[in-house]
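There are 2 protein chains.
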Amino acid sequence: MSTPRYAYDVDTAVEAVADHRFAAAITDRWNVLGGRPNGSYVMGVCLQALTRVMPAPDPLVVSAFFLRPTLPGLAEVQTAIVRSGRRISTGEATLYQDGKETLRVSAAFSDLRAAGRTVLLGAPPVLPPPDEALDLMGGRVIPELTIAQRVEYRVAARPGWARGEPNGRPSQEFWLRFRDGREPDLLSLASLVDAAAPPVLELGETGSATIELTVHLRAHPAPGWLACRAATRFVIGGYHEEDFEIWDSTGALVAQSRQLALLP
Amino acid sequence: MSTPRYAYDVDTAVEAVADHRFAAAITDRWNVLGGRPNGSYVMGVCLQALTRVMPAPDPLVVSAFFLRPTLPGLAEVQTAIVRSGRRISTGEATLYQDGKETLRVSAAFSDLRAAGRTVLLGAPPVLPPPDEALDLMGGRVIPELTIAQRVEYRVAARPGWARGEPNGRPSQEFWLRFRDGREPDLLSLASLVDAAAPPVLELGETGSATIELTVHLRAHPAPGWLACRAATRFVIGGYHEEDFEIWDSTGALVAQSRQLALLP
């Protein structure tokens, strides 16, 4: 096995320490505001462990419940195969820190290269080419927000929240890629669906805590920039959903996600 | 405890047989085409068991992985509290038949009556009043489809698939209620998000098998008819998502769901 070259691969790597048990080191290189590791980065660590034990190659649908904050530092991931089927297999991974569960992930795996019917009734975001779009961070570095040093965002125009003028419309479209040149693959899409600023910033909120995140991985992405669409439609009693789509550079839908989150 | 009067309550009842273990009887009264119990009915049985052990009253977000078909007959549900938190608690329920897991459900519970911000950016379906809408079944009884004897559907116009002319647009809006007069409550919404004909029937498909179903329960519903909106946008390699919304008789969004399913 060659040494991983890219930050995402280094920081999600797991090492088998026993049957279905893996050691991991959660880094501070994917932190969001508040100084905590991004939840979908940590979910990626769990998926790396799962891919080592599952009998099928491709995560297809992933559901994660965020139980406690995961902090930078050592962690252990325990995996279990729940059901090994002919076409679809289901597994579970639980991440522990200091003996406490912080994240529980369930996932169905399959082989996405198997053929089947395709009907598309949606279209990718309409964005200027990445080279003509604005870098959302505009060269600024927010030391606490280390994930913005790993992931690059380009937008057609600066969003209202980024100008201190939330516009009341919690939806946004943008380009996204790893800054260090790592190309997207199926598994990393699961970490990218929650790697951008939440649309509720346009409602004047400062953030949001994910309770549960479900990701559908629909196709292996082509290399290149990813076009993303994120939106929240219903904030009710402080809880809100957030939907996210990722389209690859060929215009193919490659991932969809929905989460339920709680405003602070 | 009074004897349940309504089919849904009778058919989802569980009896504690040991610590965190419950006996249940899956009935044939919620069967879909193919003669198998509807998956979200069986999920309702698991939620009934979970409500008996969770420290918070309201299921908030539920994720179910369908591992094997659940058949009419005896079943056992094992529950576990994964994390008991101040505001949110997370639990798991697994349904066994003949010693095999058929369904695994994870759920976060909370108290939905706690206050918080509300912002709504969507509207309920526009439908004629239920009394002026068409009964989808039109008085017909399909013996195998027993769920249609439990749940009533009213539509503005007969869908293409019901006339043998699938229209290629996999989305539909309709009224829904329990036929026996049972009013909806928060938990039963989780069973109703997958209790209608799948929109992919408008693509000429004959059905679809749910792999994973996530339900967000957003508010306690008012009594009366429920207005529903179901849609599929992306069929890729045989897999497709299905989104479902339920709005109550006061026009409030009360549940959202998304599933990943596989065409036959």
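Protein sequences, first through last, are from chains C and R.
Residue numbers in the first sequence follow the numbering used here, run continuously in steps of one, and reach 258 at the last position.
Residue numbers in the second sequence follow the numbering used here, run continuously in steps of one, and reach 258 at the last position.
Don't be surprised by glycine CBs; every beta carbon is placed ideally from N, CA and C.
Local conformation of residue i per DSSP, three classes
{"i": "C/I141", "result": "helix"}
{"i": "C/P31", "result": "strand"}
{"i": "C/L257", "result": "coil"}
{"i": "R/V4", "result": "helix"}
{"i": "R/R77", "result": "strand"}
{"i": "R/A12", "result": "strand"}
{"i": "R/R157", "result": "helix"}
{"i": "R/V194", "result": "helix"}
{"i": "C/E126", "result": "helix"}
{"i": "C/A43", "result": "helix"}
{"i": "R/L336", "result": "Residue 336 of chain R is absent from the model: chain R starts at -5 and stops at 258."}
{"i": "C/A50", "result": "coil"}
{"i": "C/V120", "result": "coil"}
{"i": "C/L183", "result": "helix"}
{"i": "C/V135", "result": "coil"}
{"i": "R/E95", "result": "strand"}
{"i": "R/L115", "result": "coil"}
Any C-beta of chain C under 8 Å from that of residue i
{"i": "R/Y233", "result": "yes"}
{"i": "R/V113", "result": "yes"}
{"i": "R/E236", "result": "no"}
{"i": "R/L257", "result": "yes"}
DSSP beta-bridge partners of residue i
{"i": "C/E177", "result": "According to DSSP, which records beta bridges pairwise, C/E177 is partnered with nothing at all."}
{"i": "R/G67", "result": "R/I20"}
{"i": "R/W169", "result": "R/R148, R/A221"}
{"i": "R/Q72", "result": "R/R15, R/T88"}
{"i": "R/A189", "result": "BP columns for R/A189 are empty, so no partner."}
{"i": "R/A102", "result": "R/V55, R/T84"}
{"i": "C/T204", "result": "C/A255"}
{"i": "C/H234", "result": "C/V229, C/A255"}
{"i": "R/A249", "result": "R/L211, R/I240"}
{"i": "C/V26", "result": "C/R30"}
{"i": "C/V36", "result": "In DSSP, C/V36 forms no bridge with anything."}
Interface residues of chain R facing residue i [CB-CB closer than 7 Å]
{"i": "C/S34", "result": "Going along chain R, no residue has its Cβ under 7 Å from C/S34, so there is no contact; the nearest lies around 16 Å."}
{"i": "C/L197", "result": "V113"}
{"i": "C/L61", "result": "V76, R77, T84"}
Neighbour list for residue i in chain C, Cβ cutoff strictly below 9 Å
{"i": "R/R98", "result": "V76, R77, T84, E86, S100"}
{"i": "R/A213", "result": "I230, G231"}
{"i": "R/L247", "result": "R227, F228, I230"}
{"i": "R/G110", "result": "V229, I230, G231, G232, Y233, L256, L257"}
Within-8 Å CB hit, residue i to chain R
{"i": "C/S57", "result": "yes"}
Residue i: contacting residues in chain R (beta-carbon distance under 8 Å)
{"i": "C/E95", "result": "V76, R77"}
{"i": "C/T208", "result": "S57, E206, T208, R252"}
Amino acids of chain C, ordered along the chain, whose beta-carbon sits closer than 8 Å to that of residue i
{"i": "R/L54", "result": "I205, Y233, L254"}
{"i": "R/G116", "result": "R227, F228"}
Within chain C, partners of residue i - CB distance below 7 Å
{"i": "R/L106", "result": "G231"}
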